[in-house]
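Numbering (the UniProt record's numbering), first residue to last: 1 to 296. Where is the CB? At the ideal position from N, CA and C, for every residue including glycine.
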């Protein structure tokens, strides 16, 4: 642990748990080097910058060797949920935002697991659940989308939401944020069935239940309406501009249009995470080839 500059007791405890997982001294040394590299926010992640092992050794550890990533993931998730509960211990039912999105990590290899072409990208496609509460922002779950014939991104997203622990559900007012890729009636109903509120992006041509062919683009900012294929609840519509485009989102809570737009913009935190994970942390450098690529 001498090479890890960690602040906070909980971070050091987590690092100790993670380093106890590999079975060999060699793998523990490689994992310690990887943690030190990932936690150094002052420079971009690159294997040759690891301080105690060679780049080739670290590459084999991350991309080739089989080790118990499941236990590491379970320890990380437990610490993350506990951190949220600790941060909210003096609050009265605070609001927790859970962002859902699909990201693609380009890959060039032909024999990597779970690599597919989706939306024109050859790579690994992940549905990610990302928690935002105050200054705490981190991914709390993911699923691999394996293409046609496999569970859809919407189904994977609902599976992720079902994993939210009971203490989190009781302690927080949970809001799910997603873009128009998750606007389907199945997703909206699934979120409500979990007992969560939502702010979800919708396409401009999404129909409402008004007589005639009335779409959300025909409705005013802050309107209360029902969607054509999901008329079970009245939702609030928000319109907001980003560059030269107008975006639309709906909320299960009857807020003002400005409040819905403000909540919806919080989803952009996950876009920043994707950018950091691919570039700062070098996620696109790794094969993501472990014994437990897709947690259940």
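Setting aside the 5 residues that flank it on each side, residue 68 is surrounded in the same chain by 21, each with a C-beta closer than 7 Å to its C-beta; the list follows chain order. By the criterion of a C-beta distance shorter than 6 Å, residue 267 is surrounded in its chain by 99 and 177, once the five residues flanking it on both sides are discounted. For the set 83, 196, 115 and 90, the Cα lying nearest the Cα of residue 14 is the one of 83. For residue 103, the enclosing beta strand (DSSP E) covers residues 95-106.
For residue 265, the uninterrupted alpha helix (DSSP H) segment begins and ends at 257-265. Per the DSSP secondary-structure output, residue 190 pairs with nothing in a beta bridge.
The criterion of a C-beta distance shorter than 8 Å is satisfied by residue 263 and residue 199. In this structure, the straight-line span from the alpha carbon of residue 226 to that of residue 211 is close to 11 Å. Straight-line spacing of the CA atoms in residue 54 and residue 139 works out to 29 Å. Per DSSP, residue 196 lies in no alpha helix (DSSP H) and is assigned neither H nor E.
Between the stretch 77-96 and the stretch 249-258, the count of Cβ pairs shorter than 8 Å is below three; the stretches do not touch.
Within the DSSP bridge table, the entry for residue 221 names no partner. Remark: fewer than three beta-carbon pairs, one from each stretch, lie closer than 8 Å, so the stretch 193-209 and the stretch 101-121 are not flagged as touching. CA-CA distance, residue 17 to residue 78, rounds to 11 Å.
The DSSP-derived three-state label of residue 139 is strand.
Distance from the Cα of residue 186 is smallest, within the candidate group 209, 159, 167 and 172, for 159.
Per DSSP, the continuous beta strand (DSSP E) segment holding residue 241 begins and ends at 230-242.
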